[in-house]
Ligand code: BGP
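Numbering (the numbering used here), first residue to last: 4 to 492.
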């Protein structure tokens, strides 16, 4: 659909940015926080920095919130560290952990910024891992429920927007990368048991939020990567649908419809997979009615019919040198391919703003639930320039096009209530430390030198601030020409 007018955003639209505790806070050994599995995982990612310092948000939170206010933020999406709040098996709540998050929440609210909190963003406490065997044992359901209840009881008077588990789909699809497969002997089969346990944890969080937080709303955070068929060959279309199911739809359908879809059940049957669904499980999931979907959407992928004569697992680009990414070929399922019509980042992520509009349209058509964007962003190599500034034109272009496509999706009739790109300050990438930066604010630290951790506004900060303060009108460019370009593409 082409529109005569530029898109407009609802007047109370949430404009903000996003982060996660282990990637931004640092201070991993301070004030009673106990180790998390992700600390150990990030220590093995050398030559990249681990998370012991990160962006040191723990000590800079006031300055960071002041910068968010200056930028005009009306929301900030961040996660809580389970092991900072409950450091040991005795389940005693760490007063210093409570104090830190209370201070942060109060600081945000005083600045007119609505907190949106993720309960779990990859940072399982080591004590939970030891006691429950990570996500492998159902005893984690009880621990997770307890942790969520602590969060709702302590922060729910002020925090009304909650997110359950960050990118559960990606944790299952990329089990090795994110450390979830630790201790599994047959990941291909075990991951479905783990996934089911995660679904039960998600359900517990949703139920407890509605029980304990007055006016509280909660949703899941799928990592959404839409799959376009490589050609109009019918086999490519089915392969793209297979990829869609096996990387996203299995999760989204479960969250919304609260039952496993028929594709999932047939897939399990075909591969002799027993996800260990026990009496009462589906009844619990049935009670977990979500209020919205939080969408992380950075890129699209291309699906095509696989070559059934060989198997190739995905090979993520770990160096930041273009072309290193290895596209998977999964016999009987799908293969992925490079999209020649769009550019890629240095880590081979397709830069495709249209995928934002596509994803929002797709999810709205399938699920009819309001959505908030909780991640999207441009990861690049950066350092302070000689003029002491960071001219991040590529990030501005990326954010402008993605935000504009949210506007187009709203014009298309989709209900979207916020945009929180990744990330506010620079912070650690999941696997590439400080070498891959996403922030609107540069943090003066590198992988091999902690430097002075000072904050420096990038050009994207200034550009985004104008967009926010005009509620999506000042795009910082001649939008008439730009809109024509969009229409004619
Ligand atoms: C998302 C994660 C974030 C973040 C982001 C960028 O999937 O939720 O934690 O890291 O991706 O990814 P990366 O850091 O690997 O570039």
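For each residue, glycine too, the CB sits at the ideal point set by N, CA and C.
For residue 190, count neighbouring C-beta atoms within 10 Å of its own C-beta (all shown protein chains included) and say buried if the count is 16 or more, exposed if not.
-> Exposed, because fewer than 16 other Cβ atoms sit within 10 Å of the Cβ of residue 190.
Run the CB neighbour count on residue 149, radius 10 Å, all protein chains shown included, and call it buried at 16 or more, exposed below.
-> Residue 149 is exposed by the Cβ-count criterion.
Please work out which residues of its chain come closer than 8 Å, Cβ to Cβ, to residue 232, disregarding the five sequence neighbours upstream and downstream, and give them in chain order.
-> The beta carbon of residue 232 sits closer than 8 Å to the beta carbons of 239, 240, 242, 243, 305, 306, 307 from its chain, once the five residues preceding and following it are set aside; these are given in chain order.
Could you spell out the range, first to last residue, of the beta strand (DSSP E) harbouring residue 165?
-> From DSSP, the beta strand (DSSP E) with residue 165 extends over 164 to 169.
Where do the ends of the beta strand (DSSP E) carrying residue 304 lie?
-> Per DSSP, the unbroken beta strand (DSSP E) holding residue 304 starts and ends at 304 to 307.
Taking 7 Å as the cut-off, is the CB of residue 169 close to at least one heavy atom of the ligand BGP?
-> Relative to the ligand BGP, the nearest heavy atom lies less than 7 Å away from the CB of residue 169.
Beta strand (DSSP E) containing residue 299: first to last residue?
-> Looking at the DSSP string, the run of the beta strand (DSSP E) that includes residue 299 is 296 to 299.
Closer than 6 Å by C-beta to residue 494: which residues in its own chain qualify, once you throw out the five before and the five after it? Chain order, please.
-> The question about residue 494 has no answer, for the chain in this structure spans 4 to 492.
Residue 26 beta carbon near the ligand BGP (any heavy atom closer than 7 Å) = Answer for residue 26: yes, Cβ within range of the ligand BGP.
Please work out which residues of its chain come closer than 8 Å, Cβ to Cβ, to residue 101, disregarding the five sequence neighbours upstream and downstream, and give them in chain order.
-> Here residue 101 has 88, 157 as same chain residues with Cβ atoms under 8 Å from its own Cβ, once five neighbours each way along the sequence are excluded.
Helix, strand or coil for residue 378, going by three-state DSSP, please let me know.
-> In the three-state DSSP reduction, residue 378 falls in the strand class (E or B).
Can you tell me whether residue 236 is buried or exposed, with buried defined as 16 or more other CB within 10 angstroms of its CB?
-> Exposed: under 16 other Cβ atoms inside 10 Å.
Check whether the Cβ atoms of residue 407 and residue 478 sit closer than 8 Å, and answer yes or no.
-> Yes. Within cutoff.
Can we count residue 299 as close to the ligand BGP, meaning its CB is less than 7 Å from some heavy atom?
-> Under cutoff, so the answer is yes.
Considering only residues of the same chain and omitting the five flanking positions on each side of residue 71, which have a CB-CB separation below 8 Å?
-> Within the same chain, 19, 20, 79, 111, 114, 116, 427 come within 8 Å of residue 71 by CB-CB distance, once the 5 residues on both sides are set aside.
Do the stretch 47 to 65 and the stretch 451 to 471 touch if we need at least three Cβ pairs shorter than 8 Å?
-> In short, these stretches touch, since the Cβ pair count reaches three.
Contacting residues, own chain, Cβ-Cβ under 6 Å from residue 143 (five flanking each side not counted) = Closer than 6 Å at Cβ, skipping near neighbours: 135.
Length-filtered (4 minimum) alpha helix (DSSP H) runs lying within the stretch 320 to 375 | 357 to 370, all fully within the stretch 320 to 375.
Just how far apart, CA to CA, sit residue 463 and residue 25?
-> Taking the straight line from one Cα to the other gives about 24 Å.
Where residue 216 sits in the DSSP three-state scheme = The answer is coil: DSSP assigns residue 216 none of H, G, I, E or B.
Tell me whether residue 374 is buried or exposed, calling it buried when 16 or more other Cβ atoms sit within 10 Å of its Cβ.
-> Buried.
Where does residue 267 fall in DSSP's three states?
-> Residue 267: helix per DSSP, three-state reduction.
Between which two residues does the beta strand (DSSP E) carrying residue 79 extend?
-> First-last of the beta strand (DSSP E) with residue 79: 78 to 82.
Ignore the nearest five residues each way along the sequence and tell me which others in residue 48's own chain have a CB closer than 8 Å to its CB.
-> Cβ within range, chain order: 434, 435, 436.
Residue 226 CB to nearest heavy atom of the ligand BGP below 7 Å = True, at least one ligand heavy atom lies under 7 Å from that Cβ.
Rounded straight-line distance, which links the Cα of residue 447 to that of residue 387 | Cα-Cα distance, rounded: 8 Å.
Nearest-angstrom Cα separation, counted from residue 430 out to residue 2 | Given that the chain is displayed from residue 4 to residue 492, the structure contains no residue 2 and the question cannot be resolved.
Please confirm if residue 370 has its CB atom under 8 Å from at least one CB of chain D.
-> Absent from the structure: chain D. Only one protein chain is present.
Cβ of residue 84 versus every heavy atom of the ligand BGP: is any distance shorter than 7 Å?
-> No; taking the cut-off as 7 Å, the Cβ of residue 84 has no heavy atom of the ligand BGP nearer than that.
Bridge-paired residues (DSSP) for residue 231 | DSSP lists 305 as the bridge partner or partners of residue 231.
Where does residue 87 sit, in a helix, a strand or coil, going by DSSP?
-> Looking at residue 87 - three-state DSSP - the assignment turns out to be helix.
What residue does the alpha helix (DSSP H) around residue 119 start on, and which one ends it?
-> Where residue 119 is concerned, there is no enclosing alpha helix (DSSP H), although the beta strand (DSSP E) it sits in stretches over 117 to 123.
Which runs of the beta strand (DSSP E), 3 residues or longer, sit entirely within the stretch 388 to 470?
-> Correct list: 419 to 422, 444 to 446, 458 to 460.
Can you tell me the Cα-Cα spacing of residue 75 and residue 471, whole angstroms?
-> Using only the alpha carbons, I get a separation of about 6 Å.
Is the stretch 257 to 265 touching the stretch 289 to 298 in the sense that three or more CB pairs, one from each, lie closer than 8 Å?
-> Three or more pairs of CB atoms, one per stretch, sit closer than 8 Å, so the stretch 289 to 298 contacts the stretch 257 to 265.
Would you mind stating whether residue 381 and residue 441 have Cβ atoms separated by less than 8 Å?
-> Yes, these two residues count as a Cβ contact at 8 Å.
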